[in-house]
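Have a look at the structure below, then the notes.
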Amino acid sequence: MRKIVFTLLTLLSLSVYGQKNVFHDQAFWKESPTLERIKAEIAKGNSPSEQNTQGADAVVTAINAQAANESIQFLLTQNGNNVNKIINNGRTYMFWAALRGNVTLMEYLIAKGAKVNVKDEVGYTVLTYAASGGQTNTKVYDICISQGSDPKKERVRGGANALLLVAPYDKDFSLISYFIAKGVDVKSTDSTGNTAFDFALRSATVPVLKALVAKGVKYSPNAMVTASIGSRAGSNSLEVYQYLEELKLDPKASNANGDNALHYVARRAKQDEIINYFLAKGLDINQPNNDGITPFMNAASANTSVESITMLLPMVKNINQTNKKGTSALAMAVRRNTPEVVKLLIEKGADVKVIDADGYNLAYYLVPSYNAQRPEAFEAKLKVLQDKGFDIAATQGNGNTLYHLVLVRNGLPLLKRIEGFKVDVNAKNKEGLAPLHKAAMTAKDDTILKYLLAIGAKKDVTTDFKETAFDLAHENEYLTKQHISIDFLK
Numbered sequence: 001m002r003k004i005v006f007t008l009l010t011l012l013s014l015s016v017y018g019q020k021n022v023f024h025d026q027a028f029w030k031e032s033p034t035l036e037r038i039k040a041e042i043a044k045g046n047s048p049s050e051q052n053t054q055g056a057d058a059v060v061t062a063i064n065a066q067a068a069n070e071s072i073q074f075l076l077t078q079n080g081n082n083v084n085k086i087i088n089n090g091r092t093y094m095f096w097a098a099l100r101g102n103v104t105l106m107e108y109l110i111a112k113g114a115k116v117n118v119k120d121e122v123g124y125t126v127l128t129y130a131a132s133g134g135q136t137n138t139k140v141y142d143i144c145i146s147q148g149s150d151p152k153k154e155r156v157r158g159g160a161n162a163l164l165l166v167a168p169y170d171k172d173f174s175l176i177s178y179f180i181a182k183g184v185d186v187k188s189t190d191s192t193g194n195t196a197f198d199f200a201l202r203s204a205t206v207p208v209l210k211a212l213v214a215k216g217v218k219y220s221p222n223a224m225v226t227a228s229i230g231s232r233a234g235s236n237s238l239e240v241y242q243y244l245e246e247l248k249l250d251p252k253a254s255n256a257n258g259d260n261a262l263h264y265v266a267r268r269a270k271q272d273e274i275i276n277y278f279l280a281k282g283l284d285i286n287q288p289n290n291d292g293i294t295p296f297m298n299a300a301s302a303n304t305s306v307e308s309i310t311m312l313l314p315m316v317k318n319i320n321q322t323n324k325k326g327t328s329a330l331a332m333a334v335r336r337n338t339p340e341v342v343k344l345l346i347e348k349g350a351d352v353k354v355i356d357a358d359g360y361n362l363a364y365y366l367v368p369s370y371n372a373q374r375p376e377a378f379e380a381k382l383k384v385l386q387d388k389g390f391d392i393a394a395t396q397g398n399g400n401t402l403y404h405l406v407l408v409r410n411g412l413p414l415l416k417r418i419e420g421f422k423v424d425v426n427a428k429n430k431e432g433l434a435p436l437h438k439a440a441m442t443a444k445d446d447t448i449l450k451y452l453l454a455i456g457a458k459k460d461v462t463t464d465f466k467e468t469a470f471d472l473a474h475e476n477e478y479l480t481k482q483h484i485s486i487d488f489l490k
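Take the sequence shown: its position 39, counted from the start at 1, is 39 in our numbering, and no numbers get skipped.
Put into structure tokens, the structure is as follows:
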């Protein structure tokens, strides 16, 4: 009877442990759940205080999803939560409320004793964190200042203050004007000398840039490069570059690494007008930076527009040119771009048998592109390569096989996919490690180890130091701390 009860309890605990916390799922919050539903999910065992792998709990995900304040306030009252709870990177709920511009929640948190004038682990205060995220509601900053924040003194690592941080998001000079009115010097710089003009260039409007110049704010000689980098929100318009040229800034300027504006704009789709602007100014699509990377290589790596790549190809002098690591444009496309771009490069003469400076062929770049949820792109790239004679099963220069490559970062789905390529599962690389050895050293559970054994991996194969997979797994702290049995490797 005791054994039966123990078994039932074990199964129950495994069920709860393996249960996905619905509060960590963005899809749940997109449904705008009612307070009653949230209570029901808690009753089912979903924890309102448990943090996900990014450190966010139910309160943070609810705030980010802009859930009803009634629901957020309820979650705050649950066991394990409090208004000053430290979440990821040393941030409290106040950081997230400010970032999202939830003034009502900020006022509620303060009323419940939340601290505002605090810093996270990377040096942000609530005020500077909100500014760095482009918060346009100045009431957020009013609240922070009323609780002791001082925008004149608060700076993040790197020396930027709130005025500098918010500058890229200011479309009408109102945010910059707000902080000027609060005493922040419009001519202030970060620790490397970047001005508000330089910060604004990440996502600029010409009127804001002109207003800054009128205030006497200086700009960097590399402003063209800064503008070309853009931001997550998008790219700068042609008018911005034309205005910079009016300021006598050189379109051919490059940064300390030798990157010019073309290196950056070539990476983005739908930038043909900007690309042509810089080409007309004399920039070369074949010009390498200090790492040997050309603008065309960047385009091959990240620009998903077949039209853009097609436009650039006639200007490419050597499609098989490599950077200083021996990586070609095709290798970069295989790693990060679409099957369509990969196919286009091959059709234009890109060598599928290219080997980089470390002896790796294109399999090394293809494997990290695999996505178990969306394997179609991987399969399409693989087919294009194989149709041109690429041998996916070939051993790398350092002796690593396809199994070794997959074990670096991919999981069981890709291991199962490559079984059909008939790669020797017991082959050792030049470090003397067979795939089973590598898995024993890095495994988080026993799944992959057991799979390798099932397809023929030999557990008695030893390393050059006479260590077996069992010996290596015994030294794997993750397995030992999780009390995962490795006796099956004996």
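C-beta: ideal position from N, C-alpha, C; glycine also.
- Looking at A377, V316 and L472, the one whose alpha-carbon comes closest to that of V367 is A377.
- In the structure shown, the three-state DSSP call for T447 is helix.
- Closest by C-alpha distance to F421, out of N276, I392, G432 and N102, is I392.
- Pairing R91 with E121, the inter-Cα distance amounts to about 8 Å.
- Counting along the chain, the unbroken alpha helix (DSSP H) around F179 starts and ends at S174 to A181.
- In the DSSP assignment, K119 forms a beta bridge with T125.
- In the three-state reduction of the DSSP assignment, N260 falls in the strand class.
- P295 counts as buried, since at least 16 other C-beta atoms from the protein chains shown sit within 10 angstroms of its C-beta.
- Counting the other Cβ atoms within 10 Å of the Cβ of I455 gives fewer than 16, which makes it exposed.
- Around the CB of V408, fewer than 16 other CB atoms lie within 10 Å, so the residue is classed as exposed.
- Residue pairing from DSSP places S328 in a beta bridge opposite T322.
- Residue environment: Q386 is assigned as exposed (fewer than 16 neighbouring CB atoms within 10 Å of its CB, all protein chains considered).
- In the structure shown, the three-state DSSP call for G234 is strand.
- Taking 8 Å as the cut-off, the beta carbon of N303 is found no closer than this to the beta carbon of G258.
- By the criterion of a C-beta distance shorter than 6 Å, I285 is surrounded in its chain by P295, F296, L312 and M315, once the five residues flanking it on both sides are discounted.
- For V116, the closest of N137, Y93, T104 and G133 by C-alpha to C-alpha distance is Y93.
- Here S149 carries a coil assignment [DSSP, helix/strand/coil].
- At a Cβ-Cβ threshold of 8 Å, I87 and Q51 count as neighbours.
- L449 is the residue among K187, G234 and L449 whose C-alpha sits nearest the C-alpha of F470.
- In the DSSP assignment, the residues bridged to S254 are N260.
- For the 8 Å CB-CB criterion, L127 and C144 form a contact.
- Considering only L247, H263 and K248, the residue with the shortest C-alpha distance to S254 is H263.
- The Cβ atoms of G359 and Q396 sit closer than 8 Å to each other.
- The segment 411-429 makes no contact with the segment 475-482: fewer than 3 CB pairs, one atom from each, lie closer than 8 Å.
- Rounded to the nearest whole angstrom, the C-alpha separation of D291 and V186 is 36 Å.
- Excluding five sequence positions before and after Y364, the CB atoms of its chain that fall closer than 7 Å to its own CB belong to Q396 and L405, given in chain order.
- Between A97 and L75, the beta carbon gap of about 13 Å keeps them out of contact (Cβ cut-off 8 Å).
- T104 sits close to N69, with the two beta carbons spaced by under 8 Å.
- Within the model, the alpha-carbon separation for K381 versus L247 is close to 45 Å.
- Here N89 is exposed, its C-beta having fewer than 16 other C-beta atoms within 10 Å.
- Below 8 Å, enough C-beta pairs join the segment 195-214 and the segment 229-237 to call them touching: three or more.
- Rounded to the nearest whole angstrom, the CA to CA distance from A331 to L362 is 6 Å.
- H474 sits in a helix when the DSSP states are folded into three classes.
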